[in-house]
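J.:
Residue numbers (my numbering): 18 to 398.
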């Protein structure tokens with residue numbers, strides 16, 4: 018072989034290495050033999066074109082103005098020509114609307130992003146599609162990108178996907194009215210000085226108030242909850258009402274509300290703080306990270322596009338920042354959330370610890386939550 022030929026081969030090798038490096042950087046390095054383009058990329062392009070024909074995707078989302086604004090803006094900039102129509106609201110309200118519409122033969126919603134308990138009503142009614150066939154992006158499909166791999170809330174591991182896992186301080190206080198050292202145990206909530214000054218997100222309806230109530234039912238027992246109810250709790254299903262009452266000093270403490278309920282007041286610099294974790298510990302939550310696809314959705318391709326974007330690194334970063342909740346994606350920074358009383362499971366818990374403390378699986382919801390909620394109906398007026 019001549020010197021010229023060796024130099025040519027050397028040059029070609031460099032070009033090939035640089036090309037492969039570029040493919041890897043762009044995430045398109047999974048070329049199969051004989052393929053010019055990876056299969057997932059072909060599917061992405063096909064889905065994108067079909068989604069433009071769908072025209073829009075309709076999503077039930079948590080009642081957060083910040084979330085609505087952020088996902089609308091970014092999704093519109095990423096996918097011009099495809100409208101994202103979000104319906105912010107409490108999970109039960111969105112579910113009731115979906116159930117009512119389906120009985121009337123109306124198919125409007127495409128997907129639901131909600132808290133833990135909510136989608137099981139749709140699952141029981143047979144109104145959820147298997148979700149896995151909708152996921153095709155390699156960065157989403159690869160379980161190595163997710164803490165705990167792929168976690169499903171339903172026992173069949175097909176219908177309700179959990180993209181979050183974290184612990185949050187569900188007790189917040191007005192720092193101008195109390196010292197946090199006054200409540201270092203859940204037992205301290207029974208102190209007579211807090212009577213009439215504690216707000217509680219009604220545990221008789223699905224939500225974080227129910228999750229906290231179920232945890233306390235399991236950890237502290239029914240006698241504790243009976244005494245807590247005797248503290249003349251301000252019960253409300255309206256998170257804004259409770260948050261506003263705490264910010265204005267009408268309440269000293271609230272139970273069941275999390276960061277995003279207080280975000281407007283935090284931005285104003287009001288003295289609203291998360292209470293440090295009581296000595297009994299806390300549960301691991303899915304938060305508002307339950308994703309399900311409505312059966313026979315009217316915009317299936319736009320739904321497919323949205324779900325892959327939502328579960329991508331960018332989508333999870335945006336969702337986490339808007340909601341103040343922690344994704345399970347390992348490539349998304351979540352440590353900043355500690356300043357808002359949120360500890361990502363992937364940053365603080367082993368998988369064994371998370372599994373022991375989880376408060377979101379189907380068995381937990383159908384057994385512990387159901388029994389605790391039944392007790393709540395018995396003693397709360």
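Idealized CB from N, CA, C, for every residue including glycine. Because the structure is a prediction, the values reported are computed rather than measured.
(1) I'd like the list of long-range same chain contacts for residue 145, defined as Cβ closer than 8 angstroms, with 5 residues on each side in sequence excluded.
(2) For the beta strand (DSSP E) that contains residue 216, what are its first and last residues?
(3) Output the distance between the C-alpha atoms of residue 39 and residue 103, rounded to the nearest integer angstrom.
(4) Under the three-state reduction of DSSP, which class applies to residue 270: helix, strand or coil?
(5) Is it buried or exposed for residue 394, if we count other Cβ within 10 angstroms and need 16 for buried?
(6) Alpha carbon to alpha carbon, how far is residue 100 from residue 335?
(7) If you draw a straight line from the alpha carbon of residue 169 to that of residue 359, how long is it in whole angstroms?
(8) For the alpha helix (DSSP H) containing residue 372, list its first residue and its last residue.
(9) Am I right that residue 215 and residue 258 are in contact with their C-beta atoms under 8 angstroms? What's the rounded C-beta distance?
(10) Looking at the secondary structure, which residues open and close the beta strand (DSSP E) in which residue 189 lies?
(11) How would you call residue 375, buried or exposed, if buried means at least 16 neighbouring beta carbons within 10 angstroms?
(12) What number of angstroms, rounded off, separates the C-alpha of residue 126 from the C-alpha of residue 211?
(13) To the nearest angstrom, how far is it from the Cα of residue 325 to the Cα of residue 163?
(14) Closest to residue 79 by C-alpha separation, out of 304, 333, 380, 372, would be which residue?
(15) Looking at C-alpha atoms only, which residue of 228, 96, 82, 231 is the closest neighbour of residue 73?
(16) Tell me whether residue 298 is buried or exposed, calling it buried when 16 or more other Cβ atoms sit within 10 Å of its Cβ.
(17) Look up residue 308 in the DSSP assignment and say whether it is helix, strand or coil.
(18) Beta-carbon within less than 6 angstroms of residue 154's beta-carbon, same chain only, minus the 5 sequence neighbours each way: which residues are those?
(19) Alpha carbon to alpha carbon, what distance is there between residue 285 and residue 353?
(20) Enumerate in chain order the residues of its own chain whose CB-to-CB distance from residue 378 is below 7 angstroms, with the five nearest sequence positions on each side excluded.
(21) Would a C-beta distance cut-off of 8 angstroms place residue 71 and residue 372 closer than the cut-off?
(22) Considering just the uninterrupted stretch of the alpha helix (DSSP H) at residue 177, what are its terminal residues?
(23) Among the candidates 119, 338, 369, 109, whose CA atom is the shortest distance from the CA of residue 277?
(24) Is residue 227 near residue 134, with beta carbons less than 8 angstroms apart?
(25) Can the beta-carbon of residue 94 be found closer than 8 angstroms to that of residue 183?
(26) Classify residue 328 as helix, strand or coil using the three-state DSSP reduction.
(27) Residue 282 to residue 272, Cα distance in whole Å?
(28) Alpha carbon to alpha carbon, how far is residue 355 from residue 253? Give it in angstroms, no decimals.
(29) For residue 220, does the count of other Cβ atoms within 10 angstroms reach 16, so buried, or fall short, so exposed?
(30) Shortest alpha-carbon distance to residue 190 belongs to which of 166, 296, 267, 119?
(31) Pull the bridge partners of residue 163 from the DSSP assignment, please.
(32) Does the beta-carbon of residue 363 have 16 or more other beta-carbons within 10 angstroms, so that it is buried, or is it exposed?
(33) Taking C-beta to C-beta, are residue 197 and residue 292 nearer than 8 angstroms?
(34) Using a threshold of 8 angstroms, state whether the C-beta atoms of residue 67 and residue 323 are closer than that.
T.: To lay it out plainly:
(1) As a working note, residue 145 is residue 128 in the chain shown. Cβ neighbours of residue 145 within its own chain (closer than 8 angstroms, five residues either side excluded): 136, 139, 176, 177, 309, 310, 311, 312.
(2) By one-based count along the chain shown, residue 216 stands at place 199. It spans 215 to 218 - the beta strand (DSSP E) in which residue 216 sits, taken as one unbroken run.
(3) Sequence index remark: in the chain shown, residue 39 carries index 22 (1-based). Sequence index remark: in the chain shown, residue 103 carries index 86 (1-based). Interpretation of residue 39 is limited by its pLDDT of 32, a score under 50 that renders its predicted location unreliable; no figure is taken from the coordinates.
(4) On the chain shown, residue 270 is found 253 positions in, with the first residue counted as 1. Correct three-state label for residue 270: strand.
(5) Mapped onto the chain shown, residue 394 falls at position 377. Exposed, since its Cβ has fewer than 16 Cβ neighbours within 10 Å.
(6) For this step, residue 100 is matched to residue 83 along the chain shown. For this step, residue 335 is matched to residue 318 along the chain shown. Cα to Cα, the separation comes out at about 18 angstroms.
(7) Numbered from its first residue, the chain shown carries residue 169 at position 152. Numbered from its first residue, the chain shown carries residue 359 at position 342. Cα-Cα distance, rounded: 21 angstroms.
(8) The residue labelled residue 372 in the question sits at position 355 within the chain shown. First-last of the alpha helix (DSSP H) with residue 372: 368 to 374.
(9) Position 198 of the chain shown holds residue 215. Position 241 of the chain shown holds residue 258. With a Cβ gap of about 14 angstroms, residue 215 and residue 258 do not count as contacting.
(10) Here the question's residue 189 lines up with position 172 in the chain shown. Unbroken beta strand (DSSP E) run through residue 189: 188 to 191.
(11) In the chain shown, residue 375 corresponds to position 358, counting from 1. With 16 or more other Cβ atoms within 10 Å, it is buried.
(12) As a working note, residue 126 is residue 109 in the chain shown. As a working note, residue 211 is residue 194 in the chain shown. Approximately 43 angstroms between the Cα atoms of the pair.
(13) Here residue 325 corresponds to residue number 308 of the chain shown, with the count starting at 1. Here residue 163 corresponds to residue number 146 of the chain shown, with the count starting at 1. When only Cα atoms are considered, residue 325 and residue 163 end up about 14 angstroms apart.
(14) As a position in the chain shown, residue 79 is number 62, starting the count at 1. It is 304 whose Cα lies nearest to the Cα of residue 79.
(15) Locating residue 73 in the chain shown gives position 56, counting from the first residue. Taking only the C-alpha atoms, the option nearest residue 73 is 96.
(16) In the chain shown, residue 298 corresponds to position 281, counting from 1. With fewer than 16 Cβ atoms within 10 Å of its Cβ, residue 298 is classed as exposed.
(17) Counting from one through the chain shown, the residue named residue 308 turns up at place 291. Residue 308: strand per DSSP, three-state reduction.
(18) Against the chain shown, residue 154 aligns to sequence position 137. Same-chain partners within the cutoff: 325.
(19) Looking up residue 353 in the chain shown gives position 336. Looking up residue 285 in the chain shown gives position 268. Whole-angstrom Cα-Cα distance: 20 angstroms.
(20) Counting from one through the chain shown, the residue named residue 378 turns up at place 361. Cβ neighbours of residue 378 beyond the five flanking positions: 170.
(21) Here residue 71 refers to the residue found at position 54 of the chain shown. Here residue 372 refers to the residue found at position 355 of the chain shown. No, these two residues do not count as a Cβ contact at 8 angstroms.
(22) Along the chain shown, one-based indexing puts residue 177 at 160. Note, residue 177: premise wrong, no alpha helix (DSSP H); not H, not E.
(23) As a first step, residue 277 must be located in the chain shown, where it is residue number 260. If we check each option's Cα against that of residue 277, 338 comes out closest.
(24) On the chain shown, position 210 is the one that residue 227 refers to. On the chain shown, position 117 is the one that residue 134 refers to. Yes, Cβ-Cβ distance for residue 227 and residue 134 is below 8 angstroms.
(25) Against the chain shown, residue 94 aligns to sequence position 77. Against the chain shown, residue 183 aligns to sequence position 166. Not a contact, by the Cβ cut-off of 8 angstroms.
(26) For this step, residue 328 is matched to residue 311 along the chain shown. Residue state for residue 328 is assigned as coil, using DSSP reduced to three classes.
(27) The sequence position of residue 282 within the chain shown is 265, counting from 1. The sequence position of residue 272 within the chain shown is 255, counting from 1. Looking at the two C-alpha atoms, the distance is approximately 17 angstroms.
(28) Residue mapping note: residue 253 aligns to position 236 of the chain shown, counting from 1. Residue mapping note: residue 355 aligns to position 338 of the chain shown, counting from 1. So the two alpha carbons sit approximately 27 angstroms from each other.
(29) One-based indexing of the chain shown puts residue 220 at position 203. Flag for residue 220 reads buried.
(30) Position 173 of the chain shown, counted from the start, is the residue given in the question as residue 190. Nearest option by C-alpha distance: 267.
(31) For the purposes of this step, residue 163 is taken as the residue at position 146 of the chain shown. Answer is 346, bridged to residue 163.
(32) Walking along the chain shown from the start, residue 363 turns up at place 346. Its Cβ being crowded by 16 or more others within 10 Å, residue 363 is buried.
(33) Within the chain shown, the letter at position 180 stands for residue 197. Within the chain shown, the letter at position 275 stands for residue 292. Yes, the pair counts as a contact, with Cβ atoms nearer than the cut-off.
(34) Position 50 of the chain shown, counted from the start, is the residue given in the question as residue 67. Position 306 of the chain shown, counted from the start, is the residue given in the question as residue 323. In this structure, residue 323 does not lie closer than 8 angstroms to residue 67 by Cβ.
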